[in-house]
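K.L.:
Have a look at this one.
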Amino acid sequence: MSHSGISLGELAVRFGCALKGDPHAMVNHVATLQSASSDAVAFLVNAKYKTHLATTQAGVVVVDEAVAAESPVPALIAKNPYLTYAQIASLLHPLPHYPAGVHPSAVVDATAIIDPSVHIAPNVVIGAGCQIAARSQVGPGCVLGERVTLGADTRLMANVTVCDDSVIGERCIINPNAVIGSEGFGFAPDALNGWVKVPQVGKVRIGNDVEIGASTTIDRGALGDTVIEDGVKLDNQIQIAHNVHVGAHTAMAACVGVSGSTTIGRHCMIAGQVGIAGHLSICDHVVITGKSLVSASIRKPGVYSGSLHVEEAATFRRNAARFAKLDELAKAVRRLAVRHLPADDGDKID
Amino acid sequence: MSHSGISLGELAVRFGCALKGDPHAMVNHVATLQSASSDAVAFLVNAKYKTHLATTQAGVVVVDEAVAAESPVPALIAKNPYLTYAQIASLLHPLPHYPAGVHPSAVVDATAIIDPSVHIAPNVVIGAGCQIAARSQVGPGCVLGERVTLGADTRLMANVTVCDDSVIGERCIINPNAVIGSEGFGFAPDALNGWVKVPQVGKVRIGNDVEIGASTTIDRGALGDTVIEDGVKLDNQIQIAHNVHVGAHTAMAACVGVSGSTTIGRHCMIAGQVGIAGHLSICDHVVITGKSLVSASIRKPGVYSGSLHVEEAATFRRNAARFAKLDELAKAVRRLAVRHLPADDGDKID
Amino acid sequence: MSHSGISLGELAVRFGCALKGDPHAMVNHVATLQSASSDAVAFLVNAKYKTHLATTQAGVVVVDEAVAAESPVPALIAKNPYLTYAQIASLLHPLPHYPAGVHPSAVVDATAIIDPSVHIAPNVVIGAGCQIAARSQVGPGCVLGERVTLGADTRLMANVTVCDDSVIGERCIINPNAVIGSEGFGFAPDALNGWVKVPQVGKVRIGNDVEIGASTTIDRGALGDTVIEDGVKLDNQIQIAHNVHVGAHTAMAACVGVSGSTTIGRHCMIAGQVGIAGHLSICDHVVITGKSLVSASIRKPGVYSGSLHVEEAATFRRNAARFAKLDELAKAVRRLAVRHLPADDGDKID
Numbered sequence: 300m301s302h303s304g305i306s307l308g309e310l311a312v313r314f315g316c317a318l319k320g321d322p323h324a325m326v327n328h329v330a331t332l333q334s335a336s337s338d339a340v341a342f343l344v345n346a347k348y349k350t351h352l353a354t355t356q357a358g359v360v361v362v363d364e365a366v367a368a369e370s371p372v373p374a375l376i377a378k379n380p381y382l383t384y385a386q387i388a389s390l391l392h393p394l395p396h397y398p399a400g401v402h403p404s405a406v407v408d409a410t411a412i413i414d415p416s417v418h419i420a421p422n423v424v425i426g427a428g429c430q431i432a433a434r435s436q437v438g439p440g441c442v443l444g445e446r447v448t449l450g451a452d453t454r455l456m457a458n459v460t461v462c463d464d465s466v467i468g469e470r471c472i473i474n475p476n477a478v479i480g481s482e483g484f485g486f487a488p489d490a491l492n493g494w495v496k497v498p499q500v501g502k503v504r505i506g507n508d509v510e511i512g513a514s515t516t517i518d519r520g521a522l523g524d525t526v527i528e529d530g531v532k533l534d535n536q537i538q539i540a541h542n543v544h545v546g547a548h549t550a551m552a553a554c555v556g557v558s559g560s561t562t563i564g565r566h567c568m569i570a571g572q573v574g575i576a577g578h579l580s581i582c583d584h585v586v587i588t589g590k591s592l593v594s595a596s597i598r599k600p601g602v603y604s605g606s607l608h609v610e611e612a613a614t615f616r617r618n619a620a621r622f623a624k625l626d627e628l629a630k631a632v633r634r635l636a637v638r639h640l641p642a643d644d645g646d647k648i649d
Numbered sequence: 300m301s302h303s304g305i306s307l308g309e310l311a312v313r314f315g316c317a318l319k320g321d322p323h324a325m326v327n328h329v330a331t332l333q334s335a336s337s338d339a340v341a342f343l344v345n346a347k348y349k350t351h352l353a354t355t356q357a358g359v360v361v362v363d364e365a366v367a368a369e370s371p372v373p374a375l376i377a378k379n380p381y382l383t384y385a386q387i388a389s390l391l392h393p394l395p396h397y398p399a400g401v402h403p404s405a406v407v408d409a410t411a412i413i414d415p416s417v418h419i420a421p422n423v424v425i426g427a428g429c430q431i432a433a434r435s436q437v438g439p440g441c442v443l444g445e446r447v448t449l450g451a452d453t454r455l456m457a458n459v460t461v462c463d464d465s466v467i468g469e470r471c472i473i474n475p476n477a478v479i480g481s482e483g484f485g486f487a488p489d490a491l492n493g494w495v496k497v498p499q500v501g502k503v504r505i506g507n508d509v510e511i512g513a514s515t516t517i518d519r520g521a522l523g524d525t526v527i528e529d530g531v532k533l534d535n536q537i538q539i540a541h542n543v544h545v546g547a548h549t550a551m552a553a554c555v556g557v558s559g560s561t562t563i564g565r566h567c568m569i570a571g572q573v574g575i576a577g578h579l580s581i582c583d584h585v586v587i588t589g590k591s592l593v594s595a596s597i598r599k600p601g602v603y604s605g606s607l608h609v610e611e612a613a614t615f616r617r618n619a620a621r622f623a624k625l626d627e628l629a630k631a632v633r634r635l636a637v638r639h640l641p642a643d644d645g646d647k648i649d
Numbered sequence: 300m301s302h303s304g305i306s307l308g309e310l311a312v313r314f315g316c317a318l319k320g321d322p323h324a325m326v327n328h329v330a331t332l333q334s335a336s337s338d339a340v341a342f343l344v345n346a347k348y349k350t351h352l353a354t355t356q357a358g359v360v361v362v363d364e365a366v367a368a369e370s371p372v373p374a375l376i377a378k379n380p381y382l383t384y385a386q387i388a389s390l391l392h393p394l395p396h397y398p399a400g401v402h403p404s405a406v407v408d409a410t411a412i413i414d415p416s417v418h419i420a421p422n423v424v425i426g427a428g429c430q431i432a433a434r435s436q437v438g439p440g441c442v443l444g445e446r447v448t449l450g451a452d453t454r455l456m457a458n459v460t461v462c463d464d465s466v467i468g469e470r471c472i473i474n475p476n477a478v479i480g481s482e483g484f485g486f487a488p489d490a491l492n493g494w495v496k497v498p499q500v501g502k503v504r505i506g507n508d509v510e511i512g513a514s515t516t517i518d519r520g521a522l523g524d525t526v527i528e529d530g531v532k533l534d535n536q537i538q539i540a541h542n543v544h545v546g547a548h549t550a551m552a553a554c555v556g557v558s559g560s561t562t563i564g565r566h567c568m569i570a571g572q573v574g575i576a577g578h579l580s581i582c583d584h585v586v587i588t589g590k591s592l593v594s595a596s597i598r599k600p601g602v603y604s605g606s607l608h609v610e611e612a613a614t615f616r617r618n619a620a621r622f623a624k625l626d627e628l629a630k631a632v633r634r635l636a637v638r639h640l641p642a643d644d645g646d647k648i649d
């Protein structure tokens, strides 16, 4: 948690910021505007929190130019303050690094090829034919099946399960209890015997710089693979079914479910609890708001909403506002119908 | 599972009930009205199950005064029969208690401080600087990161992951495969490099008497902590994002998702599959019905519903009833419009 | 992954197909129409993929009679091509079989009765009184509590938790990180002390040929048992609450939540993210479309939909289509009301 400290001048140079304040002042951690002390870096992005700027005791705040003049403490002036804050925070708070080596309680198959710089924690199980590249870290209780490949600098947190033949790229983070490569959900109906299992012979392929949340599950392909491209960020408790393809740099918030064989484009943002039906295609640069149900392909970039079925978000907002007064609306229609339609017609609205 | 038995008289005294029947009769377990034998305690709360009372063979039934007269078997008369039943059942069916000591297959860091009365099951991993207080029980396959604190009498079931710096209070129950303290979902967009990780430097703090369901995930704070206050009950597969604050004695049913930095009050009840957006505030004593989407703060106690956005439950019920006849309503409007509006206007409704 | 190969003639005989092509040609795996080589079996069911038939290089395609004439390669002609494909794929790609025996790192209670043909993987924990029948396989990191019963030929993948007293039948597959038999969510409100735990003294009983998805959770009963009948297929991240009863051959897609004491019939199909309230009864042969909320019992077979509350799918589709134009509808009503209702009445629609 603790960093030995860095000067404001060095931060300004490293991250290309203008500095208002003493370049020799030192900081060693990040904190909120309210709680920051003089050795902490704070930031302000959301105007809602601006009231806290006047009273902050931070060693420095990361802000944009417009706000810098109002800061009572030193300021690092950035074009994209949140991004600069993220970079500074990553420097001051790197993820912990564990020593190289295989813990004696781990059970590693003799045919696995593990770079000597890799950390294998206690009670890990690694199957035949696995390959783990330099500096990767496999946390306590993780299970790797057979022929699993991990790229360099990838971290599996704890109790993660990675099933046979999965391929995971470089610099990925897989959070606790996630499951990669579980059986897809495929059954053929048989009048005599109920459901007959369809073997799931594809695998999961995950690119570089992917983060996968706690208890998220990604099924192996039925035929062909389930693919998560570079830079994808998946929050917790997401379900990715067999043969889904998620394009690069797409982010999904928690509890999203994506059904089988659906393709999602690059740079999409899918909010929490969204459900996406199977065999659909969603193009690049699509935003879907929380809890929406996507039951048809989306061919045009934009913002989409809707829990009945998605529509453009602006249309949905208008319709949802009307829904909130639907009872009043229906009563007006009834009054109109009683006066202005044949008698038996008005009766249909009760 | 088996208790040596207790007399009806002693139950009446311990739990402040009136007893109709022989105080010396003995019971040793709980059962349903239908399946109970003469050594079992049953209860009746829901009027729907009253038909089973006439034929029950229970040793005693826990009921309220109004129903007691109809019982064909001894009755413990309680003001709050379900609460009294819960107390009796807890006496007759305590959770199993495992012997003190650390199983030889567990891997416990030398710097961890573990009370000698604690039970550490097989294949547990406990990191540096952990502290576990008296009589706590850590089930098989659980992983505690570094500097995790467990209060007295807390139980972690099996395959639970508790990440670095998490604090869990006394008498908590954490069900299997739950994850406490995973990385929050924070990324800064960067035009060049996609998403840049924002370090999650806060922790999770959980109060006393909290129960957390199987596969529920609670992320650590980004800056500052994620907080679950005393007496909170979380069902299975719930997602609590970074910096959420859940007030004391709030209960959430399964599959709820709460987005980052939202504050939920005390004594709230959130039903299954509800989604709550980020940066909101929900006051005390709010009830939210199943599958609702909460996209704005709630400032007034009450019952709220709605899958488009929540509104007061009574309003929602009326509107939802209208939705069920929306097609009929629209047809009536079209008929009216065709007759009573300029021609080009009626065409808008097809 | 690799099978030594089988002739088309033998496939035709085994699975009762007509064969168009050389009965001596050999195949050894399955693949898609596009990627298949001459030693692969492909299939065509969905007309959407028919364009790939003309150019396939598969060794054989499984098709129905109508399509067979168009195949440029040998064809196995089946009444139900998807079922026949599933059977062939299962023959060519059996799930891996692990050797009998208990890995030395597993911790197995001395009172557990384990058939000598069973495979117990590394770091498994098996409690007192468990019984595991012939040829079952318990994967790495799995935890079985006390008195758990597994039938013959059942597979627990990895990091699965099965709590005390659970009963699992024959030929089941339990995917990674699933939880069987966790505490049900039962609490009695107590004005003084918040929530008082209601002991969950029932168990989970699972029939034969059941498949359970990754991170799915099934709670033990409160009083009486939670029951999953023969042939049920549950996808990932499903939540089954205490005392739910799921009838034989019912299938549920991912992220479904079923609340306590609800009974679901046989041969139902529940799509993804559906929520089902507690204490309901759903009859046999019910289909529920994705993300629906079931808040009342369903007594008639059919297809049901709706995120506000379910209704017959055809009605829902009509109403949802109207919702998509609700703002237009409301404007028309307002125009009508302004002209044809008393002044103060039209004002109610804004």
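Residue numbers (this note's numbering), protein chains in the order written: chain A, 300 to 649; chain B, 300 to 649; chain C, 300 to 649.
Beta carbons: idealized from backbone N, C-alpha and C, even for Gly.
Note that the structure is a prediction, hence the values are computed from the model and not measured.
1. Determine, using beta-carbon pairs with one atom in the region 607–627 of chain B and one in the region 604–624 of chain C, whether at least three such pairs fall under 8 Å.
2. For Asp518/C, count neighbouring C-beta atoms within 10 Å of its own C-beta (all shown protein chains included) and say buried if the count is 16 or more, exposed if not.
3. Is the Cβ of Asn535/B closer than 8 Å to any Cβ of chain A?
4. Please report the distance separating the alpha-carbon of Val362/C from that of Thr515/A.
5. Can you say whether Asp508/B is buried or exposed, counting buried as having 16 or more other CB atoms within 10 angstroms of its CB?
6. The beta strand (DSSP E) with Thr516/B in it runs from where to where?
7. Locate the alpha helix (DSSP H) running through Val637/B, then write down its first and last residues.
8. Assuming Tyr603/B is part of the beta strand (DSSP E), what are its boundary residues?
9. Kindly indicate the opening and closing residues of the alpha helix (DSSP H) around Gly308/B.
10. Is the Cβ of Cys462/B closer than 8 Å to any Cβ of chain A?
11. Ordered along the chain, which non-local residues of its own chain (more than five positions away) have a Cβ less than 7 Å from that of Ala367/B?
12. What does a CB cutoff of less than 7 Å around His566/B pick up in its chain, not counting 5 residues either side in sequence?
13. Kindly indicate which three-state DSSP category Ile413/B falls into: helix, strand or coil?
14. For the beta strand (DSSP E) containing Leu375/C, list its first residue and its last residue.
15. Identify the contact partners of Ala576/A in chain C, using a Cβ-Cβ distance below 7 Å as the criterion.
16. Can you give me the start and stop residues for the alpha helix (DSSP H) that Ile387/B sits inside?
17. My output table needs one value for Met300/B: the three-state DSSP class, helix, strand or coil.
18. Under a three-way DSSP split, which group does Lys496/A fall into?
19. Rank Tyr603/A, Ala365/A, Ser336/A by C-alpha distance to the C-alpha of Asn379/A and give the top, closest one.
20. Closer than 8 Å, CB to CB, is His396/A near chain B or not?
21. In terms of residue numbering, what span does the alpha helix (DSSP H) encompassing Phe615/C cover?
22. Could you please give the first and the last residue of the uninterrupted alpha helix (DSSP H) stretch that includes Val366/C?
23. With 8 Å as the threshold, decide whether the Cβ of Thr331/A is near any Cβ in chain B.
24. Would Lys496/B count as contacting chain A if we go by Cβ distances under 8 Å?
25. Determine whether the beta carbon atoms of Thr462/B and Gly480/B lie at a separation below 8 Å.
26. With the cut-off set at 8 Å, would you say Arg504/A and Val466/A are in Cβ contact?
27. Note down, in chain order, each residue of its chain lying with its Cβ closer than 6 Å to the Cβ of Ser596/C, except the 5 sequence neighbours on either side.
28. Within 8 Å of any Cβ in chain A, is that where the Cβ of Gln430/B sits?
29. Given Val651/B, which residues of its chain have a CB within under 6 Å of its CB, disregarding the five upstream and five downstream residues?
30. What number of angstroms, rounded off, separates the C-alpha of Leu332/C from the C-alpha of Val447/C?
31. Please tell me whether Phe622/B has its Cβ less than 8 Å away from any Cβ of chain C.
P.N.:
Walking through what the data contain:
1. yes
2. buried
3. no
4. 36 Å
5. buried
6. Unbroken beta strand (DSSP E) run through Thr516/B: 516–518.
7. 625–639
8. 601–604
9. 307–314
10. yes
11. Lys319, Ala374, Ile376
12. His548, Thr549, Asp583, His584
13. strand
14. 374–376
15. Gly589
16. 380–391
17. Residue confidence is low: Met300/B scores 47 on pLDDT, short of 50, so the model does not pin down where it sits. Its coordinate-derived value is still stated next. Coil, per DSSP.
18. strand
19. Among Tyr603/A, Ala365/A, Ser336/A, the Cα nearest to that of Asn379/A is on Ala365/A.
20. Chain B contact via Cβ: absent.
21. 612–622
22. 364–367
23. yes
24. yes
25. Residue 462/B is actually Cys in this sequence, not Thr. Against a cut-off of 8 Å, the Cβ pair of Gly480/B and Cys462/B comes out as a contact.
26. yes
27. Result list for Ser596/C: Leu579, Ser580, in chain order.
28. It does not: the Cβ of Gln430/B has no partner Cβ on chain A nearer than 8 Å.
29. This structure cannot speak to residue 651/B, because chain B is shown only from 300 to 649.
30. 44 Å
31. So yes, Phe622/B belongs to the interface.
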